[in-house]
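S.K.: The structure is given below, and queries will be raised subsequently.
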Amino acid sequence: SEPSEDNVEESQFKSINLKLSVNHSIRCQSGGTQQVPPKLNEINSNLLRIEQTKTPKTKSPYNQLQFGKEFSDHLLEIDWSNDYGWHDPLVKPYGAFEMDPAASCLHYALEAFEGMKAYIDDNDRIRLFRPEMNMQRLNSSCESLFFPSFDGDEFLQCIHELLKVDRSWIPNQYGYSLYLRPTIISTYPFIGVAAAQNVKLYCICSPVGPYYPEGFKPVSLLASDKYVRAWPGGVGNKKLGSNYGPTIKPQHEAAKLGYSQIMWLFPDNKTGEDYVSEVGTMNQFFLWKNKSGEEELITAPLDGTILPGVTRDSVLTLCKDWNRFKVTERPFTMNEVIEAVEEGRMIESFGAGTAAIVSPVNKIGFKGKDYDIPLDKNDPHATAGPLATELFNTILDIQYGKKEYKNWSIIVPEK
Numbered sequence: 034s035e036p037s038e039d040n041v042e043e044s045q046f047k048s049i050n051l052k053l054s055v056n057h058s059i060r061c062q063s064g065g066t067q068q069v070p071p072k073l074n075e076i077n078s079n080l081l082r083i084e085q086t087k088t089p090k091t092k093s094p095y096n097q098l099q100f101g102k103e104f105s106d107h108l109l110e111i112d113w114s115n116d117y118g119w120h121d122p123l124v125k126p127y128g129a130f131e132m133d134p135a136a137s138c139l140h141y142a143l144e145a146f147e148g149m150k151a152y153i154d155d156n157d158r159i160r161l162f163r164p165e166m167n168m169q170r171l172n173s174s175c176e177s178l179f180f181p182s183f184d185g186d187e188f189l190q191c192i193h194e195l196l197k198v199d200r201s202w203i204p205n206q207y208g209y210s211l212y213l214r215p216t217i218i219s220t221y222p223f224i225g226v227a228a229a230q231n232v233k234l235y236c237i238c239s240p241v242g243p244y245y246p247e248g249f250k251p252v253s254l255l256a257s258d259k260y261v262r263a264w265p266g267g268v269g270n271k272k273l274g275s276n277y278g279p280t281i282k283p284q285h286e287a288a289k290l291g292y293s294q295i296m297w298l299f300p301d302n303k304t305g306e307d308y309v310s311e312v313g314t315m316n317q318f319f320l321w322k323n324k325s326g327e328e329e330l331i332t333a334p335l336d337g338t339i340l341p342g343v344t345r346d347s348v349l350t351l352c353k354d355w356n357r358f359k360v361t362e363r364p365f366t367m368n369e370v371i372e373a374v375e376e377g378r379m380i381e382s383f384g385a386g387t388a389a390i391v392s393p394v395n396k397i398g399f400k401g402k403d404y405d406i407p408l409d410k411n412d413p414h415a416t417a418g419p420l421a422t423e424l425f426n427t428i429l430d431i432q433y434g435k436k437e438y439k440n441w442s443i444i445v446p447e448k
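Terminal number for the sequence shown in the numbering used here: 448, no gaps in between.
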């Protein structure tokens, strides 16, 4: 026999929201029975409405742009509720959200985000770089937060409309772009660790300049065995805000010691080895000659603790296609890095991410000792290694449509 309401707390029924693969929600009806309602509404870009701003902002000159400090005139907003699904998309003037102080994103870090860019090519067309990967990763983050999934293609169509409305905010110089920040948060006003019954999916835009406006500036890293960024069974492979907030203090501690960034290590208590994971908010790469004498590009594998970066995948794909050296994804230790440096086998190292594309590394500090990382052994004045430089230029050319490659650069259709 089915349980009666006397045997189950009413509040428990109210908070149940189990997401199914077909985007249903299960809820308890009177008498304690469970019924699956009709399928909830998906995002529909054809229903998007546009509210134009009446007070356009003044744009800063390109040479005064600072990353993440200036925002375009409009934003994209799509709400979801567990009794309706996705509401009609809305492009509206940029402004503050009205949010209940009990919204669970403010209490339990129920939020995720993405980072991507829009570009203007030589033919004055808007381009995006591999945007489907950002949609897939945001959906993966949603799954880990028990948020509803969304149709990535439809959300991307809505972003296209936002870009057309704020077209004038996309810088039209090579190296400049419009940074896009798709974000999803719980707006459910409930103090309790429970599934969100209301969420908001939105996207804001920020014009940005080159990460290195005066050319590459190599960074020094502190390899930390004090803090752990991610661990097996956790959510280190998701782009959740809760993965980033706790990194601020370790980063400041590294800066006080004179290092540009922190390189995250994962300790193996059984062997005493420290495994290399990521650097700052980027994926980490080393190019060395391995002990077999092979030239090899190595990075940590996607084992659940590593973020599946779009730039990471681009670097690996390009290098495999070039077929000039061995490309390896496997766990490797800080001791392997030290041995490669001390034995003269290290060639170069760099981080990879959306903001910088690649960030050359020239020094790593570990347990009180600094290890110099070569940039270009043939050029003592170089600020980046040959591979990092080639990858940077190649990916940038693909992003701006100067070089076609595997349909990575998507043109936003405009009428």
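Cβ atoms here follow ideal geometry from the backbone N, Cα and C, with glycine treated the same way.
Only a predicted model underlies this, so the values are computations on that prediction, with no experimental measurement involved.
Going along the chain, which residues of its own chain have a beta-carbon closer than 6 angstroms to the beta-carbon of Gln85, five neighbours each way excluded?
M.R.: Within the sequence shown, the letter at position 52 stands for residue 85. Within the same chain, Gln85 has no close Cβ partners at all.
S.K.: With DSSP as the reference, please indicate the residues paired to Met149 in a beta bridge.
M.R.: Counted from its first residue, the sequence shown places residue 149 at position 116. Beta-bridge pairing links Met149 to Leu213.
S.K.: Spell out whether any CB of chain B is found under 8 angstroms from the CB atom of Ile237.
M.R.: Among the protein chains of the structure shown there is no chain B, as only one such chain exists.
S.K.: Determine the closest residue to Pro240 out of Ser105, Phe180 and Glu286, with distance taken between C-alpha atoms.
M.R.: Stepping through the sequence shown from its first residue, residue 240 is reached at position 207. For Pro240, the nearest C-alpha among the options comes from Ser105.
S.K.: In chain order, what residues of the same chain lie with their CB nearer than 6 angstroms to the CB of Thr280, ignoring the 5 residues before and after it?
M.R.: Within the sequence shown, the letter at position 247 stands for residue 280. Here the set comprises nothing.
S.K.: Would you check if the stretch 347-360 and the stretch 423-430 touch, i.e. whether three or more CB-CB distances between them fall below 8 angstroms?
M.R.: Cβ pair count under 8 angstroms is three or more, so yes.
S.K.: Considering just the uninterrupted stretch of the beta strand (DSSP E) at Pro240, what are its terminal residues?
M.R.: Residue numbering aside, residue 240 sits at position 207 when the sequence shown is read from its first letter. Unbroken beta strand (DSSP E) run through Pro240: Asn231 to Val241.
S.K.: List the whole-angstrom C-beta distance separating Met296 from Ala333, where the pair is believed to meet the contact cut-off of C-beta under 8 angstroms.
M.R.: Here residue 296 corresponds to residue number 263 of the sequence shown, with the count starting at 1. Here residue 333 corresponds to residue number 300 of the sequence shown, with the count starting at 1. Going by Cβ atoms, the distance from Met296 to Ala333 rounds to 11 angstroms, so no, they are not a contact pair.
S.K.: Excluding the 5 residues flanking Phe319 on each side, which residues of the same chain have their C-beta closer than 6 angstroms to its C-beta?
M.R.: Residue mapping note: residue 319 aligns to position 286 of the sequence shown, counting from 1. Once the five neighbours on either side are set aside, the close Cβ partners of Phe319 are Ile331 and Ser382.
S.K.: Out of Phe399, Asp133, Tyr95 and Gln432, state which residue places its alpha-carbon closest to the alpha-carbon of Tyr292.
M.R.: As a first step, residue 292 is located in the sequence shown; it is residue number 259 there, counting from the start. If we check each option's Cα against that of Tyr292, Phe399 comes out closest.
S.K.: Which residue marks the beginning of the beta strand (DSSP E) containing Gln432, and which one marks its end?
M.R.: Walking along the sequence shown from the start, residue 432 turns up at place 399. It is not in any beta strand (DSSP E) - Gln432 instead sits in the alpha helix (DSSP H) that spans Pro419 to Gln432.
S.K.: Suppose contacts are defined by Cβ-Cβ distances below 8 angstroms. Is Ser275 in contact with Cys191 by that definition?
M.R.: Here residue 275 refers to the residue found at position 242 of the sequence shown. Here residue 191 refers to the residue found at position 158 of the sequence shown. No; because the gap between Cβ atoms is not below 8 angstroms, this pair is not in contact.
S.K.: Which one or two residues does DSSP pair with Ile459 in a beta bridge?
M.R.: Since the first residue of the chain shown is 34 and the last is 448, residue 459 is not available in this structure.
S.K.: So, at 7 angstroms on beta carbons, what are the nonlocal neighbours of His107 in its own chain, with the 5 sequence-adjacent residues on each side left out?
M.R.: By one-based count along the sequence shown, residue 107 stands at place 74. So the qualifying residues of the chain are Thr86, Val124, Lys125, Pro126, Tyr127, Leu195, Val198 and Asp199.
S.K.: Locate the alpha helix (DSSP H) running through Tyr141, then write down its first and last residues.
M.R.: Counting from 1 along the sequence shown, the entry for residue 141 is found at position 108. Segment Cys138 to Tyr141, the alpha helix (DSSP H) holding Tyr141.
S.K.: Give me the DSSP bridge partner(s) of Ala333.
M.R.: Taking the first residue of the sequence shown as position 1, residue 333 is located at position 300. In the DSSP output, where bridge partners are listed per residue, Ala333 has none listed.
S.K.: So Ile397 packs on Val370, CB below 8 angstroms; how close in whole Å?
M.R.: Translated into positions along the sequence shown, residue 397 becomes position 364. Translated into positions along the sequence shown, residue 370 becomes position 337. At roughly 7 angstroms, the Cβ-Cβ gap stays under 8 angstroms, so Ile397 and Val370 are in contact.
S.K.: Could you check whether the stretch 251-270 touches the stretch 199-216, counting it as contact only if at least three pairs of C-beta atoms, one from each stretch, sit closer than 8 angstroms?
M.R.: Taking a contact to require three or more Cβ pairs closer than 8 angstroms, the stretch 251-270 and the stretch 199-216 do not qualify as touching.
S.K.: With distances taken Cα to Cα, identify the nearest neighbour of Asn96 among Gln206, Asp121, Glu187 and Ile159.
M.R.: Taking the sequence shown and counting its residues from 1, one reaches residue 96 at position 63. When each option's Cα is compared against that of Asn96, the closest is Gln206.
S.K.: Out of curiosity, what's the CA-to-CA distance linking Tyr235 and Leu171?
M.R.: Within the sequence shown, the letter at position 202 stands for residue 235. Within the sequence shown, the letter at position 138 stands for residue 171. When rounded, the distance between both Cα atoms is 12 angstroms.
S.K.: Suppose the cutoff is 7 angstroms on Cβ atoms and the five residues either side in sequence are ignored; what does the same chain contact list for Tyr244 look like?
M.R.: Position 211 of the sequence shown, counted from the start, is the residue given in the question as residue 244. Contacts found: Ala388 and Ala389.
S.K.: Drop a sphere of 10 angstroms on the beta-carbon of Ala263, count the other beta-carbons inside from all chains shown, and report buried for 16 or more, exposed for fewer.
M.R.: Position 230 of the sequence shown, counted from the first residue, corresponds to residue 263. It is buried - the Cβ of Ala263 has at least 16 other Cβ atoms within 10 Å.
S.K.: If you draw a straight line from the alpha carbon of Lys439 to that of Gly101, how long is it in whole angstroms?
M.R.: Residue 439 sits at position 406 when you count from the first residue of the sequence shown. Residue 101 sits at position 68 when you count from the first residue of the sequence shown. C-alpha separation (whole angstroms): 30 angstroms.
S.K.: Just to confirm before moving on: does the CB-CB distance between Gly455 and Leu98 stay below 8 angstroms?
M.R.: Residue 455 lies beyond the residue range present for the chain, which begins at 34 and ends at 448; the question has no answer from this structure.
S.K.: Pull the bridge partners of Arg160 from the DSSP assignment, please.
M.R.: What you label residue 160 is simply residue 127 of the sequence shown in a count that begins at 1. The partner list for Arg160 (beta bridge, DSSP) reads Tyr152 and Ile444.
S.K.: Could you tell me the distance, in whole angstroms, from the CA atom of Gly266 to the CA atom of Ile217?
M.R.: The residue you call residue 266 lines up with position 233 of the sequence shown. The residue you call residue 217 lines up with position 184 of the sequence shown. Taking the straight line joining both Cα atoms gives about 23 angstroms.
S.K.: What's the gap between the Cα of Tyr208 and the Cα of Ala227?
M.R.: Within the sequence shown, the letter at position 175 stands for residue 208. Within the sequence shown, the letter at position 194 stands for residue 227. Contrary to the premise, residue 208 reads as Gly rather than Tyr in this sequence. Near 43 angstroms, if we compare the C-alpha coordinates of Ala227 and Gly208.
S.K.: Tell me the DSSP secondary structure of Leu109 in three-state form.
M.R.: In the sequence shown, the residue the question calls residue 109 occupies position 76. Note: Leu109 maps to strand in three-state DSSP.
S.K.: For Gly269, is the classification buried or exposed, using 16 other Cβ atoms within 10 angstroms of its Cβ as the cut-off for buried?
M.R.: Translated into the one-based positions of the sequence shown, residue 269 becomes position 236. Gly269 is buried by the Cβ-count criterion.
S.K.: Taking the alpha-carbon of Met132 as reference, which of Leu109, Tyr152, Lys150 and Ser219 has the nearest alpha-carbon?
M.R.: Taking the sequence shown and counting its residues from 1, one reaches residue 132 at position 99. Met132 has its Cα closest to that of Ser219, out of Leu109, Tyr152, Lys150 and Ser219.
S.K.: Whose CA, out of Ser392, Lys92, Ser310 and Glu372, lies closest to the CA of Glu204?
M.R.: The residue given as residue 204 occupies position 171 in the sequence shown. Strictly speaking, residue 204 in this sequence is Pro, with Glu absent from that position. Here the closest residue by C-alpha is Lys92.
S.K.: Does DSSP put Phe188 in a helix, in a strand, or in coil?
M.R.: Start at 1 with the first residue of the sequence shown, and residue 188 comes out as number 155. Note: Phe188 maps to helix in three-state DSSP.
S.K.: Using DSSP with H/G/I as helix, E/B as strand and the rest coil, what is Glu286?
M.R.: Taking the sequence shown and counting its residues from 1, the one referred to as residue 286 is at position 253. In this structure, Glu286 counts as helix in the three-state DSSP scheme.
S.K.: Going straight from the alpha carbon of Gly384 to that of Asp184, what length do you get?
M.R.: The residue you call residue 384 lines up with position 351 of the sequence shown. The residue you call residue 184 lines up with position 151 of the sequence shown. Using only the alpha carbons, I get a separation of about 31 angstroms.
S.K.: If Leu73 and Tyr117 are in contact, beta carbons under 8 angstroms, what's the gap, nearest whole angstrom?
M.R.: Position 40 of the sequence shown, counting from 1, holds the residue named residue 73. Position 84 of the sequence shown, counting from 1, holds the residue named residue 117. The Cβ separation is near 7 angstroms, so the contact holds.
S.K.: Under 8 angstroms between the Cβ atoms of Asn395 and Ile406?
M.R.: The count along the sequence shown starts at 1 and reaches residue 395 at position 362. The count along the sequence shown starts at 1 and reaches residue 406 at position 373. Against a cut-off of 8 angstroms, the Cβ pair of Ile406 and Asn395 comes out as a contact.
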